[in-house]
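Asker:
Protein chains in written order, with our numbering: chain A, 8 to 317; chain B, 106 to 286.
Okay, structure coming up:
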């Protein structure tokens with residue numbers, strides 16, 4: 008019988024004696040490709056403030072406050088003079104339209120848990136951009152705060168960093184236009200031909216979650232939908248290999264990096280809308296970590312509220 | 106890693122990134138080879154990671170945390186290559202042995218073979234924790250930071266992986282005993 012200490016020693020020596028080779032040839036290839044590989048600039052600057060003196064930080068801070076005030080005033084002026092949201096641009100994948108609008112959430116009764124309550128429907132601190140997307144033949148437009156990062160078939164957001172996302176929104180057509188549904192497979196029920204209500208009933212019984220709301224009938228973009236809100240429990244760790252990174256769905260890695268959603272963790276919130284569109288189903292799922300503030304969920308619900316099918 | 110170099114590379118200075126990449130390439134390749142257990146996949150993952158690091162450097166908010174961030178992108182590239190391998194082709198290539206075996210505590214080549222098989226049976230999530238902790242010698246809180254997981258999850262994965270490797274080593278001994286009986 009090998010003791011625990013033996014195993015550690017053996018594994019360490021085994022890893023240490025693996026053959027190593029120089030990466031020079033890889034380096035040559037990478038450096039050759041740099042010219043053809045543009046860097047992706049983000050809207051935030053690389054951090055340099057900690058290196059400044061206190062005296063330098065003060066005027067910069069005051070200037071930042073002044074800029075925010077001016078931009079805020081400008082946005083308020085735009086909101087007062089603007090008409091409806093900008094016309095969405097067509098496209099095979101989600102792309103921002105050239106114009107940016109400030110979309111206020113529509114007034115909805117707070118008793119409906121699938122909608123933002125009046126107290127959480129405050130305007131965003133960021134401009135809201137309008138996008139179009141097509142998945143599984145279903146075309147729709149939506150609006151989202153512009154501080155969410157755009158990826159080919161999902162959006163992510165991080166303000167904590169350095170790179171881990173605190174929230175993600177993605178969409179697909181079940182059973183899977185993206186990848187398989189390992190957690191649903193665990194339930195042993197057919198999700199291949201399930202109706203909207205079947206899927207809603209199925210997902211509330213997935214292990215590693217507790218139901219907060221639903222399944223409830225609601226409307227998204229004028230279409231009948233089923234809504235479920237789940238809270239992830241510690242039991243999710245037992246299904247670590249099959250329910251990751253996103254509960255219910257996986258997706259190909261986004262080589263572009265940015266704010267990355269790595270794992271579904273205990274206490275995450277999972278919001279699912281299953282929308283019925285002419286006998287096709289659109290699955291919209293959003294997840295937030297506990298590190299995400301209430302503003303994230305407000306923005307997610309505003310996103311769903313903005314969806315229009317084209 | 107020199108933070109000034111990282112900052113210069115963030116601003117698009119290719120000469121600075123050349124120095125940064127030269128400093129990390131060998132170690133990244135070594136880590137990728139140990140996680141993926143395949144030289145070709147490891148080279149692809151390292152190449153992809155080095156390009157992604159260049160692309161995304163401007164989005165790194167804390168240059169002082171470059172090392173952890175770069176390993177994170179490397180592990181993600183390893184996951185991507187590992188998935189490709191599972192999806193498209195069986196992968197039976199073993200890494201070569203380089204250096205002495207007996208003086209480092211391995212009782213035989215069979216131990217090494219058992220370890221190789223045991224390690225390959227682990228998920229990439231578990232392999233990454235083992236390699237970052239036992240090869241790079243990183244404490245588990247840093248491993249957790251790199252992988253973007255809670256420290257408890259890193260502990261749990263390491264425990265599970267080491268238990269599986271121990272079982273693989275012990276399994277080698279059991280059949281021989283049974284044959285005697």
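Each residue gets a CB set at the ideal place from its N, CA and C atoms; glycine is no exception. Small disclaimer: the values here were computed from a predicted structure and weren't measured.
1. Sort B/144, B/222 and B/232 by Cα distance to residue 181 of chain B and report the nearest one.
2. Look up residue 283 of chain A in the DSSP assignment and give the residues it is bridged to.
3. Say whether the region 306 to 316 of chain A touches the region 150 to 163 of chain A, bearing in mind that this needs 3 or more beta-carbon pairs closer than 8 Å, one atom from each stretch.
4. According to DSSP, is residue 324 of chain A helix, strand or coil?
5. Could you name the residues of the same chain whose beta carbon sits closer than 7 Å to that of residue 262 of chain B, not counting the 5 residues immediately before and after it, in chain order?
6. With H, G and I counted as helix, E and B as strand and the rest as coil, what does DSSP make of residue 119 of chain B?
7. Applying the criterion that 16 or more other CB atoms from any shown protein chain within 10 Å of the CB defines a buried residue, is residue 40 of chain A buried or exposed?
8. Residue 207 of chain A and residue 316 of chain A: beta carbons closer than 7 Å?
9. Skipping 5 residues on each side, what residues in its chain have a beta carbon closer than 7 Å to that of residue 241 of chain A?
10. With distance defined between alpha-carbon atoms, name the residue in A/275, A/302, A/282 and A/22 nearest to residue 254 of chain B.
11. Examine chain A for any beta-carbon lying closer than 7 Å to the beta-carbon of residue 239 of chain B, and answer yes or no.
12. Using CA coordinates, which residue listed in B/160, B/223, B/251 and B/139 is at the minimum distance from residue 270 of chain B?
13. Along chain B, in chain order, which residues have C-beta atoms closer than 7 Å to that of residue 14 of chain A?
14. Is the CB of residue 117 of chain B under 7 Å away from at least one CB in chain A?
15. As a quick exercise: from A/230, A/289, A/231 and A/172, pick the residue whose alpha carbon is nearest that of residue 252 of chain A.
16. Using a Cβ-Cβ cut-off of 7 Å, state whether residue 163 of chain A counts as contacting chain B.
17. With distances taken Cα to Cα, identify the nearest neighbour of residue 185 of chain B among B/165, B/157, B/217 and B/166.
18. Is any heavy atom in the ligand HEM found nearer than 6 Å to the beta carbon of residue 243 of chain B?
19. What is the rounded straight-line gap between the Cα of residue 121 of chain B and the Cα of residue 264 of chain B?
20. If we count the other Cβ atoms within 10 Å of its Cβ and call it buried at 16 or more, is residue 140 of chain A buried or exposed?
21. Does the region 17 to 37 of chain A come into contact with the region 125 to 134 of chain B, if we say contact requires no fewer than three beta-carbon pairs (one atom in each stretch) closer than 8 Å?
22. When you compare the CB of residue 172 of chain B with every CB in chain A, is at least one pair closer than 7 Å?
23. How would you call residue 129 of chain B, buried or exposed, if buried means at least 16 neighbouring beta carbons within 10 angstroms?
24. So for residue 186 of chain B, helix, strand or coil by DSSP?
25. Determine the extent of the alpha helix (DSSP H) in which residue 255 of chain A is found, giving its start and end residues.
26. Pick out whichever of B/143, B/236, B/171 and B/141 has its Cα sitting closest to the Cα of residue 266 of chain B.
27. Run the CB neighbour count on residue 286 of chain A, radius 10 Å, all protein chains shown included, and call it buried at 16 or more, exposed below.
28. Is any beta-carbon of chain B found at less than 7 Å from that of residue 270 of chain A?
29. According to DSSP, is residue 310 of chain A helix, strand or coil?
30. Taking only the alpha-carbon atoms, compute the straight-line gap between residue 257 of chain B and residue 178 of chain B and give it to the nearest angstrom.
31. Please go through the same chain and pick out, in chain order, the residues whose beta-carbon is closer than 6 Å to the beta-carbon of residue 291 of chain A, but skip the five residues on each side of it.
32. For residue 152 of chain B, decide whether its Cβ has a neighbour in chain A, counting only Cβ atoms nearer than 7 Å.
33. Just to confirm, is the Cβ distance from residue 220 of chain B to residue 268 of chain A under 7 Å?
34. Roughly how far, in whole angstroms, is the beta-carbon of residue 314 of chain A from the beta-carbon of residue 149 of chain A, given that I think they are within contact range, below 8 Å?
35. Are the C-beta atoms of residue 163 of chain B and some chain A residue less than 7 Å apart?
36. Could you work out which residue in A/211, A/163 and A/217 is closest to residue 306 of chain A when comparing CA atoms only?
Answerer: Reading off the structure:
1. B/232
2. A/288
3. yes
4. Chain A is shown only over 8 to 317; residue 324 of chain A falls outside these bounds and no answer can be derived.
5. 230, 231 and 234
6. helix
7. exposed
8. no
9. 273
10. A/275
11. yes
12. B/223
13. 267, 270, 271 and 274
14. yes
15. A/172
16. no
17. B/157
18. No copy of the ligand HEM occurs in the structure displayed, which carries no ligand at all.
19. 40 Å
20. buried
21. yes
22. no
23. buried
24. helix
25. Premise fails: residue 255 of chain A is in no alpha helix (DSSP H) and is neither H nor E.
26. B/236
27. exposed
28. yes
29. helix
30. 21 Å
31. 178 and 280
32. yes
33. no
34. 5 Å
35. yes
36. A/163
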